[in-house]
Amino acid sequence: MSRLEELIQEFCPDGVEYKKIKQSYKRLKGTPITAGKMKEIENPNGEIRIFAGGKTVINAVEKDIPQANITRVPAVLVQSRGVIDAIYYEEPFTFKNEMWAYTSDSAIAVKYLYYVLKSNILHFREAASGMGSLPQISLRVTEDFFIPIPPLPVQEEIVRILDNFTQLTAELTAELTAELTARKKQYEFYRDFIIGFSNDVPMVKLSDIAVDMYRGSGIKRNEVTVDGTPCVRYGEIYTTYNIWFDSCVSNTHKGNKTFNHGDILFAITGESVEDIAKSCAYVGHDTCFAGGDIVVMKHNQNPKYIAYALSTTDARVQKSKGKIKSKVVHSSIPALKEIQIPLPSIDEQARIVSILDRFDTLCNDLSSGLPAEIEARQKQYEYYRDKLLTFKEVES
259 MSRLEELIQE FCPDGVEYKK IKQSYKRLKG TPITAGKMKE IENPNGEIRI FAGGKTVINA
319 VEKDIPQANI TRVPAVLVQS RGVIDAIYYE EPFTFKNEMW AYTSDSAIAV KYLYYVLKSN
379 ILHFREAASG MGSLPQISLR VTEDFFIPIP PLPVQEEIVR ILDNFTQLTA ELTAELTAEL
439 TARKKQYEFY RDFIIGFSND VPMVKLSDIA VDMYRGSGIK RNEVTVDGTP CVRYGEIYTT
499 YNIWFDSCVS NTHKGNKTFN HGDILFAITG ESVEDIAKSC AYVGHDTCFA GGDIVVMKHN
559 QNPKYIAYAL STTDARVQKS KGKIKSKVVH SSIPALKEIQ IPLPSIDEQA RIVSILDRFD
619 TLCNDLSSGL PAEIEARQKQ YEYYRDKLLT FKEVES
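Using our numbering, read the sequence shown as starting at 259 and increasing by one per residue.
This is the structure:
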C-alpha cells in the first residue's frame, strides 16, 4: 500500500467532502492598472511581478505601481480573460483587477488548489467559449465550482507526488527538446556539406537558371474552398511545406497565376529576416494556383536539388542580406535573382537528392518521434494528476 493510500485509509476511508472554492479559500483582488501604465513602469529589476491578460507579465518597483494591491503569500492566480489558465506563485505579485486569485492559511492547500484547477482547466475554458470572440470567464465560474477537500495530510502527499512528477516531466521534456535541436543541427550540417563540398562545382545566380520568374496573385482566406483547384498561400510555405511537396492543403476557385511540376515557390513576405524567402519545390502533377506574396520560378534543373540548395545556410544568408528587421519583411524578384547556388550536372544533382532525401527521411522520423514522445509524457502526467485528484464523495 502506498503512503497516499495509507493516509486516505487513515483520514478519509469513507470519502471526502466536496465544497465550493469560495467556501474554502480566500479570494484576493488585483490592482486597477492599464496596459499603458504597465509599459510605463516596467522594470526588469523590479521586485513585484504584475500579471495581465493573456501571457503578458512584467516586473516593476512597488512604489511605481499606483493603488498597488500586493499579494505576499502563496496564491493561485486565475487568468480569466484571453488565455484561461491557473498560475501558482509564491513571490510578491499583483495582477490586473479583471482577474482574481485564491489563497489559504495553509500553503499546502494553496498548491493543492492549483493542481485541482489545472486538472479541470478544460471545464473552465469550455465555460468561456460562449463569451464572444475573446474567451472570458466570470467570477462565479470558479467561486461556485465544487472541489474535493481531503484532510491536509492527504493534500500534502498529493502535492508532494505531483511536484516530483512535474519536475521529472519538465526535465524529460527539456532532454527531448535538446535532442530534437541536435538532430536538426546535424541534418543542416550534412546538407550544407553535401551541397557545397566541391570547389569544382560552378556557382550560378538564379537569374542564370530561371526560365521565368513571376508573382502569384492574392487568394483571400475566405476564397479557400473545400473543392476547386489546388493552391498555395504564402503563409503555408512557412507553416506547412518543407523542402518539397506533391499535394496542396488548400483549394480555391479564385486564382489566376499557376504553377506546375518542378516549379520553385518563394514566400517573399515574412515576419523575420532569418526566414524570409523560404522556398520549396512542387513535385506533384496538378496545375495549381499561387497566392499573393509568392514568387514562382520555372527552370530546367532537378527541382529537389534546387530546393535543397536554397535551404542551405549560405542561401539563407543571401536571402536575408540587406533586409531590415521590422514587423513585416519583404523580398523581391530582383533580389531572388541575385542568389547564388552551386550547380553540378543533372546526374550529380540527382545523386545528391537521393542522399539528402534518405537523410531527410531519417531525421524527420526522429523529429516526428521526439515531439510525439514529449506529448505522450505530458498526457501521462495529466492522467496521473487527474487520477490522484479524484475522490469518492462522502455520503451526507
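Where is the CB? At the ideal position from N, CA and C, for every residue including glycine.
Practice task
Return the CA-CA distance between Ile291 and Leu620, expressed in angstroms with no decimal places.
Solution key: 52 Å
Practice task
For Pro602, count neighbouring Cβ atoms within 10 angstroms of its own Cβ and tell me buried if that reaches 16, exposed if not.
Solution key: buried
Problem - Residue range of the unbroken alpha helix (DSSP H) whose run includes Met296 - result: 293-299
Handout entry: Buried/exposed call for Asn500, threshold 16 Cβ in 10 Å
Key = exposed
Exercise for the section: To the nearest angstrom, report how far apart Tyr373 and Ala436 are at their CA atoms. Expected result: 27 Å
Practice task
Would you check if the distance between the CB atom of Val331 and the CB atom of Ile345 is smaller than 9 Å?
Solution key: no
Practice task
Flag this pair as yes or no: are the beta carbons of Ile722 and Ser537 separated by less than 9 Å?
Solution key: Nothing in the structure corresponds to residue 722, since the chain is present only between 259 and 654.
Problem - Nearest-angstrom beta carbon gap, Phe404 and Lys277 [assumed within contact, 8 Å] - result: 7 Å
Handout entry: Beta-carbon proximity list for Arg383, same chain, < 6 Å, skipping 5 on both sides
Key = Ile342
Practice task
Kindly identify the DSSP beta-bridge partner or partners of Arg285.
Solution key: Tyr360
Practice task
Only counting runs of 4 or more residues, tell me where the alpha helix (DSSP H) segments fall wholly within the region 540-585, in order along the chain.
Solution key: 561-568, 571-578
Problem - Close Cβ partners of Glu414 (< 6 Å) along its chain, the five nearest in sequence each way excluded - result: Ile366
Exercise for the section: Closer than 7 Å by C-beta to Pro600: which residues in its own chain qualify, once you throw out the five before and the five after it? Chain order, please. Expected result: Ile453, Gly454, Val459, Met461, Ala567
Practice task
Look up Thr400 in the DSSP assignment and say whether it is helix, strand or coil.
Solution key: helix
Handout entry: Start-to-end residues for the alpha helix (DSSP H) that takes in Arg449
Key = 410-454
Handout entry: Burial state of Arg479 (16 or more Cβ within 10 Å)
Key = exposed
Practice task
Ignore the nearest five residues each way along the sequence and tell me which others in Gly311's own chain have a CB closer than 6 Å to its CB.
Solution key: Arg339, Gly340
Handout entry: Strand pairing of Tyr639, partner residues [DSSP]
Key = Paired residues: none, contrary to the question.
Exercise for the section: Give the secondary structure of Arg330 by DSSP, where H, G and I count as helix, E and B as strand, and everything else as coil. Expected result: coil
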